[in-house]
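In the order they appear, the protein sequences are chains G and P. Going by our numbering, the residue at position 35 of the first sequence is 47; the numbering climbs one at a time, nothing skipped. Going by our numbering, the residue at position 12 of the second sequence is 1333; the numbering climbs one at a time, nothing skipped.
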Amino acid sequence: MPAVSFDKVSRHFGSVRAVDGVDLDIGEGEFFAMLGPSGSGKTTCLRLIAGFERPTAGDIRLFGDSVRDLPPYRRQVNTVFQDYALFPHLNVRDNVGYGLMIAGRPRAERDREVAAALEMVRLGGYGQRKPSELSGGQRQRVALARALVNRPRVLLLDEPLGALDLKLREQMQEELKSLQRQLGITFVFVTHDQGEALSMADRIAVFNEGRIQQVGTPEDVYFRPDVPFVADFVGSSNVLPAALVETLTGRRQPAAIRPERLRLGSGSGGALSAQVTGLSFLGLTTRVTLKAGDTRLTALLPQDAPRPAEGDTVSLEWAPSDLHLMRGSA
Amino acid sequence: MHSDRAPLGLKIAAAAGLAFLHLPILLIFVYAFTTEEKSYQWPPPGLTLKWFAVTWNRPDVWQALMLSLKVASVATLVAMVLGTLCAAAVSRSKFFGRETVSLLVILPIALPGVVTGIALRSAFSLADVPFSTWTIVLGHATFCVVIVYNNAVARFRRTSGSLIEASMDLGATYFQTLRFVILPNIATALVVGGMLAFALSFDEVIVTTFTSGQQQTLPIWMLEELVRPRQRPVTNVVAMVVVLVTLLPILGAYYLTRGTDTVAGQGK
Chain G
13 MPAVSFDKVS RHFGSVRAVD GVDLDIGEGE FFAMLGPSGS GKTTCLRLIA GFERPTAGDI
73 RLFGDSVRDL PPYRRQVNTV FQDYALFPHL NVRDNVGYGL MIAGRPRAER DREVAAALEM
133 VRLGGYGQRK PSELSGGQRQ RVALARALVN RPRVLLLDEP LGALDLKLRE QMQEELKSLQ
193 RQLGITFVFV THDQGEALSM ADRIAVFNEG RIQQVGTPED VYFRPDVPFV ADFVGSSNVL
253 PAALVETLTG RRQPAAIRPE RLRLGSGSGG ALSAQVTGLS FLGLTTRVTL KAGDTRLTAL
313 LPQDAPRPAE GDTVSLEWAP SDLHLMRGSA
Chain P
1322 MHSDRAPLGL KIAAAAGLAF LHLPILLIFV YAFTTEEKSY QWPPPGLTLK WFAVTWNRPD
1382 VWQALMLSLK VASVATLVAM VLGTLCAAAV SRSKFFGRET VSLLVILPIA LPGVVTGIAL
1442 RSAFSLADVP FSTWTIVLGH ATFCVVIVYN NAVARFRRTS GSLIEASMDL GATYFQTLRF
1502 VILPNIATAL VVGGMLAFAL SFDEVIVTTF TSGQQQTLPI WMLEELVRPR QRPVTNVVAM
1562 VVVLVTLLPI LGAYYLTRGT DTVAGQGK
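Next comes the structure, spelled out in structure tokens:
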């Protein structure tokens, strides 16, 4: 039985279709990412699970039971908010113990659980501090402890790493992953950062304009995108339009090809000829931007490969298996 | 060029401004101790404490004081409930006409007191409401609500909206969220708004004259007393009391709001 399932769920705000007919099953114990640009409906989906939004149409089930009409406080899910939403008037201990206090658990038990939760996020001894006395990373851990201490069956995380600097973000990625493995509960997190989704999640749902474009493992969405949007947004792949693909393969479908799989040759031996419009040095590789007719392409060349000059006409080659056909009309 | 010391001219100007503002008030205090009871003669021919005893024994003073305290307390209470609810509605949700409601709530304080007074008076007589303590309370509540609303709305805006969601996410019902999250976060703003509203109501004259009928609040009593030739310093003693009663809550409000900005901005 899936932990969370969306059954043709829509959420409209006036004429805006924030979420438009989403079908989705998230398995128990899964680390699941909702990935998409801002305004794609991923956060609304998270809020629908938490209960802050009600679906305009369709049904949401948690472990098989419909939660359509349940308010947030009757759902066995907890949320780590993007701005952490720590209560400014309470110290860390009372913040973390808030859910247990509301549940009416006795003081001694509460203190024990709170201490254990703070140990888990390595903030033992910070109980008396106010949220304003903590750093961003520490606040994030408090928010995590505050959610997890209630032993939710699903933990929701809204852009959990968005407000942290790069180094802290990488460290928290590791911590979140090991925490999820250790607890074994379902984590659903929302992000606009494809790198974050690819490195943390077991499966990813890619959102655009209120709809799910593709659901799959990181390898699926990265190497085998279903539609041009996913190829572009997740993998920064080159998207060849259907008309061009028809001249190459005889099939009128858009196709994706990874930048590192494009090889540059001189002369006209390749499948496609293109003009070099720019070169940038990236360290391990050099990024070459190209133009073939109206289609802009990117190639990543290893440093030992011969480098073309700007304005050169080159021929592009690739192994036939690297050209990935997609559905869609773009 | 840059110096932390103000130039002499500026210092003199500041001193003169302060003197202009506060010397008349000091004069009132001095006349509370004068031995001359018919006119305000300078310098006072002698000093005495007897007016305090006289004032203490005047039942009309006590009556006016009690009425003023009662009106101010009830008006403040009404304002705190209505002002907070209104502020919550305006800052927490978007609805058709929200800006208009916001403006309409603030309007009574921009409106001249005479206009409010006349409007209320004609409304009361139209609806056949006899003048009583309650009509005074109602009149005062119109501007007290604004004070509380303004304080509460500013605090609501600075309190992150996700705090309420976080509370409900952690299992708290609407009522529990109100009690454990919203009230503690807006408490100081509410107390400050209430104190200012109390002070405003306590010395209000204009609206009161239109809505009080035969009853006298303390400021109205003072106004009537000035035309009487005898025992004038009693008015000054009362004036001192009024200054103290209104000053204390304002000072309290000042100290409570100091330094809360950084705390309330957290969570954002």
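Ideal placement from N, C-alpha and C gives every residue a C-beta, glycine not left out. A quick note: this is a predicted structure, and the numbers were derived from the prediction, not measured.
For T1529(P), the nearest candidate out of V1563(P), G1515(P), A1393(P), R1478(P) (CA to CA): A1393(P)
Looking at C-alpha atoms only, which residue of F1519(P), M1561(P), F1531(P), V1555(P) is the closest neighbour of P1570(P)? F1519(P)
Rounded separation between M13(G) and L74(G) - CA only: 9 Å
For R151(G), which residues from the same chain have a beta carbon less than 8 Å from its beta carbon, with the 5 sequence-adjacent residues on both sides left out? Y96, L98, P143
Using the Cα positions of R66(G) and N1471(P), report the straight-line distance between them to the nearest angstrom. Each residue's Cα considered, the two are about 32 Å apart.
Per-residue DSSP class, three states only, for Q206(G): Q206(G) carries a helical assignment under DSSP once its states are collapsed to helix, strand and coil.
Nearest-angstrom beta carbon gap, L1504(P) and V1526(P) [assumed within contact, 8 Å]: About 34 Å; that fails the 8 Å criterion.
Beta-carbon within less than 8 Å of R236(G)'s beta-carbon, same chain only, minus the 5 sequence neighbours each way: which residues are those? Same-chain partners within the cutoff: G228, H336.
Would you list the residues sitting across from R223(G) in a DSSP beta bridge? N220(G)
Select from the segment 145-158 of chain G all residues with a C-beta closer than 8 Å to any C-beta belonging to chain P, and list them in chain order. R158
Skipping 5 residues on each side, what residues in its chain have a beta carbon closer than 6 Å to that of A209(G)? Same-chain partners within the cutoff: A45, L47, T203, I216.
Identify every residue that forms a DSSP beta bridge with N250(G). I269(G)
Per-residue DSSP class, three states only, for A1409(P): Helix.
Please tell me whether I416(G) has its Cβ less than 7 Å away from any Cβ of chain P. Residue 416(G) is absent from the structure shown; chain G starts at 13 and stops at 342.
If you drop the 5 nearest sequence neighbours on each side, which residues of the same chain put their C-beta closer than 7 Å to that of Q226(G)? V218, V233, P237, D238, V239, V242
Per-residue contacts from G262(G) into chain P (C-beta, under 8 Å): Correct list: empty, because the minimum Cβ distance to chain P is about 54 Å.
Look up M132(G) in the DSSP assignment and say whether it is helix, strand or coil. helix
For D170(G), does the count of other Cβ atoms within 10 angstroms reach 16, so buried, or fall short, so exposed? buried
Could you list the residues in the segment 70-98 of chain G with a C-beta less than 9 Å from some C-beta on chain P, going in chain order? P83, P84, Y85, R86, R87, V89, N90, T91, F93, Q94, D95, Y96, A97, L98
With DSSP collapsed to three states, give me the class of T298(G). strand
Beta-carbon proximity of S1522(P) to A1440(P), cut-off 7 Å: Their beta carbons are not under 7 Å apart, which means S1522(P) does not touch A1440(P) by this criterion.
Indicate whether the contact test is met: 3 or more Cβ pairs, each with one atom in the segment 1373-1390 of chain P and one in the segment 1531-1549 of chain P, closer than 8 Å. Taking a contact to require three or more Cβ pairs closer than 8 Å, the segment 1373-1390 of chain P and the segment 1531-1549 of chain P qualify as touching.
For L1517(P), which residues in the same chain have their Cβ closer than 6 Å to its Cβ, ignoring the five residues on either side in sequence? I1468, A1574
What is the rounded straight-line gap between the Cα of V1436(P) and the Cα of R1442(P)? 10 Å
Beta strand (DSSP E) segment containing Q287(G), residue limits: Run containing Q287(G): 284-293, per the beta strand (DSSP E) assignment.
Quick one: using the 10 Å Cβ neighbour count with 16 as the cut-off for buried, is K54(G) buried or exposed? buried
On the CB-based measure, 16 or more other CB atoms within 10 Å of its CB, does Y1576(P) come out buried or exposed? exposed
Cβ atoms of G149(G) and L130(G): under 7 Å apart, would you say? no
CA nearest to the CA of V89(G), picked from G70(G), R59(G), T68(G): R59(G)
K1371(P) - containing beta strand (DSSP E), residue span: Not the beta strand (DSSP E): K1371(P) falls in the alpha helix (DSSP H), residues 1371-1377.
If we ignore side chains and look at the alpha-carbon of each, how far apart do I1333(P) and A1340(P) end up? Spanning the two alpha carbons is a distance of roughly 10 Å.
Note down the Cα distance separating I230(G) from R1478(P), rounded to an integer number of angstroms. Before going on, a small fix: residue 230(G) reads as Pro here, not Ile. The alpha-carbon atoms of P230(G) and R1478(P) are separated by roughly 41 Å.
In terms of alpha-carbon separation, which member of I1349(P), L1331(P), G1330(P), A1336(P) lies closest to V1563(P)? I1349(P)
Counting contacts by CB-CB distance shorter than 7 Å, is F64(G) in contact with chain B? Considering every chain present, this structure includes no chain B. Its protein chains are G and P.
By alpha-carbon positions, which one of E1546(P), S1533(P), L1370(P) ends up nearest to G1460(P)? That would be S1533(P), whose Cα lies nearest to the Cα of G1460(P).
CA nearest to the CA of T1556(P), picked from W1377(P), T1567(P), L1432(P): W1377(P)
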